[in-house]
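Chemist: Shown below is the structure under consideration.
Number of protein chains: 2
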Amino acid sequence: MSKTAKKRLSNCAVVYGLDIFGDRWTMLVLRDMILHGKRRYGEFLESEEGIATNILADRLKRLAAEGLVTVSRDPDNRRSNIYTLTEEGLSLMPVLFEIMNWSANYCELNERRTLLVKRIREDREGLMAEIRAREAALRNAA
Amino acid sequence: MSKTAKKRLSNCAVVYGLDIFGDRWTMLVLRDMILHGKRRYGEFLESEEGIATNILADRLKRLAAEGLVTVSRDPDNRRSNIYTLTEEGLSLMPVLFEIMNWSANYCELNERRTLLVKRIREDREGLMAEIRAREAALRNAA
């Protein structure tokens, strides 16, 4: 975690969290990593929201500076990076899940998303264990 | 909920939620209402983050348009408004709590905030029931 002299508005825990991950594009990159296991620049660009390349580069840099992801060379393409969630990044799962849980009460979701929210509501621990296992396997393969 | 033709980036539940409450100042107004029971314009202005009057007015208007708060005349001051959380607004408690829970692992909090996070971790249901009871009492008094 970069604890460098960033001036926060207050010492409130809500302010602290929002300063680090509260930006909309940052949250979508975290969503792509947590829910979809994305790890490469090109994979993030493919998401349907159409993140701009400069915004993506900036958000990945910030996530690394804050210690939510680590950056390493892609063994399959030495000119590319691989982004991996740290424990600090992974532990944002409950924040993401509660946002989805709330939204699902008020918006229509397709079948895949409806099933995911059902899993969040009925088997959150199992889902988190599955995501953690996937991440551990990716780290060990690196 | 205002379901007017607002164009979203995608039909993802994360996008949906962030569009409605993901703005930093919006979240701080919601925090003031949920955690501190604030209901009046002047009370929001007193928060230590120093929200600007124009931003506050805009965010309260948006929260009302989205159905997260209702607006009524202040019986003690007919020229002022009272803002009250709807069920949709109140049900953001878990999102707020998970943000605080995450942050508390990585930042130092004062004693009051530490106790609140402890309550979130150990007695979340009790805390939510207390907040709901306070809101119900305020609504009945209106």
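Just so you know, the protein sequences line up as chains P and R, in that order. Note that our numbering has the first sequence beginning at 1, numbered continuously upward. Note that our numbering has the second sequence beginning at 1001, numbered continuously upward. All C-beta atoms, glycine included, are put in the ideal place defined by N, C-alpha and C.
#1: Kindly list the residues whose CB is nearer than 7 Å to the CB of M1093/R, restricted to its own chain and excluding five residues on each side of it in sequence; keep chain order.
#2: If distances are taken between C-alpha atoms only, which option among E1049/R, A1141/R, E1125/R comes closest to C12/P?
#3: Can you tell me which of I55/P, G22/P, E122/P, A141/P puts its alpha carbon nearest to the alpha carbon of D76/P?
#4: Pull up the CB-CB distance for V1029/R and L1063/R, whole angstroms please, since I reckon it's below 8 Å.
#5: Assign T70/P to one of three DSSP states: helix, strand, or coil.
#6: From this set, Y1083/R, L1116/R, A1104/R, which residue's C-alpha is nearest R1139/R's C-alpha?
#7: Note down, in chain order, each residue of its chain lying with its Cβ closer than 8 Å to the Cβ of S1072/R, except the 5 sequence neighbours on either side.
#8: Taking 8 Å as the threshold, find out whether the region 1041 to 1060 of chain R comes into contact with the region 1109 to 1124 of chain R through three or more Cβ pairs.
#9: Mind pulling the alpha helix (DSSP H) runs of 4 or more residues that sit fully within the region 6 to 68 of chain P?
#10: May I have the straight-line CA-CA distance separating K1038/R from V1069/R, to the nearest angstrom?
#11: Return the chain-ordered list of same chain residues with a C-beta closer than 8 Å to the C-beta of K3/P, the five sequence neighbours on each side being excluded.
#12: First and last residue of the beta strand (DSSP E) that includes N1077/R?
#13: Anything in the region 1012 to 1029 of chain R with a Cβ closer than 9 Å to a Cβ of chain P? List those residues in chain order, please.
#14: Are the CB atoms of N1105/R and R1121/R nearer to each other than 8 Å?
#15: Would you verify that the beta carbon of S1002/R is, or is not, closer than 8 Å to some beta carbon of chain P?
#16: Would you please state the rounded distance, in angstroms, between the beta carbons of F16/P and R8/P? I believe it to be under 8 Å.
#17: Can you check whether the C-beta of I55/P is within less than 8 Å of a C-beta belonging to chain R?
#18: For a contact defined as C-beta to C-beta under 9 Å, what are the partners of V1095/R on chain P?
#19: Which residues, taken in chain order from the region 108 to 122 of chain P, show a beta carbon closer than 7 Å to some beta carbon of chain R?
#20: A1136/R to D32/P, Cα distance in whole Å?
#21: Buried or exposed for T1053/R, going by 16 or more other Cβ atoms inside 10 Å?
#22: Label L45/P either buried or exposed according to how many other C-beta atoms from any shown protein chain fall within 10 Å of its C-beta, with 16 as the threshold for buried.
#23: Please state the DSSP three-state secondary structure of E108/P.
#24: For a quick check, are the C-beta atoms of L96/P and M1027/R less than 8 Å apart?
#25: E150/P to I55/P, Cα distance in whole Å?
#26: Find out if the Cβ-Cβ distance for the pair E1066/R, I1099/R is shorter than 8 Å.
#27: Flag this pair as yes or no: are the beta carbons of G1022/R and G22/P separated by less than 8 Å?
Modeler: Quick answer:
#1: So the list reads I1034, M1128, I1131, once near-sequence residues are dropped.
#2: Just measuring C-alpha positions, the residue of E1049/R, A1141/R, E1125/R sitting nearest C12/P is E1049/R.
#3: It is A141/P.
#4: The C-beta distance from V1029/R to L1063/R rounds to 7 Å, short enough to meet the 8 Å contact threshold.
#5: Correct three-state label for T70/P: strand.
#6: Checking every option, the nearest Cα to that of R1139/R belongs to Y1083/R.
#7: Short of 8 Å from the beta carbon of S1072/R, and not among the five residues preceding or following it, lie these beta carbons of its own chain, in chain order: N1081, I1082, T1084, A1142.
#8: The region 1041 to 1060 of chain R and the region 1109 to 1124 of chain R do not touch, with fewer than 3 CB-CB distances between them shorter than 8 Å.
#9: Whole alpha helix (DSSP H) segments, 4+ residues: 13 to 21, 24 to 36, 41 to 45, 53 to 65.
#10: Within the model, the alpha-carbon separation for K1038/R versus V1069/R is close to 12 Å.
#11: Any reading at K3/P must be qualified, since the residue scores a pLDDT of 48, below 50, and its modelled position is unreliable; no value is offered.
#12: N1077/R -> beta strand (DSSP E) spans 1077 to 1085.
#13: Within the region 1012 to 1029 of chain R, the residues whose Cβ lies closer than 9 Å to some Cβ of chain P are C1012, A1013, V1014, V1015, Y1016, G1017, L1018, D1019, I1020, F1021, G1022, D1023, R1024, M1027, L1028, listed in chain order.
#14: By the CB criterion at 8 Å, N1105/R and R1121/R fall outside the cutoff.
#15: For S1002/R, the pLDDT reaches just 47, beneath the cut-off of 50, and the residue's location in the model is therefore unreliable, leaving the point undetermined.
#16: Just to set this straight, residue 16/P is Tyr in the shown sequence, not Phe. Sure, about 6 Å apart at Cβ, within 8 Å.
#17: Judged by the 8 Å Cβ criterion, I55/P is not in contact with chain R.
#18: Against chain P, a Cβ distance below 9 Å from V1095/R picks out V95, E98, I99, N101, W102.
#19: Flagged, chain order: L109, N110, R113, V117.
#20: Cα to Cα, A1136/R sits roughly 39 Å from D32/P.
#21: Within 10 angstroms of the beta-carbon of T1053/R lie fewer than 16 other beta-carbons, which makes it exposed.
#22: Flag for L45/P reads exposed.
#23: In the three-state DSSP reduction, E108/P falls in the coil class, being neither helix nor strand.
#24: Against a cut-off of 8 Å, the Cβ pair of M1027/R and L96/P comes out as no contact.
#25: The structure shown does not extend to residue 150/P, since chain P is modelled only from 1 through 142, so no value can be given for it.
#26: Contact: no.
#27: With a cutoff of 8 Å on beta-carbon distance, G1022/R and G22/P are scored as near each other.
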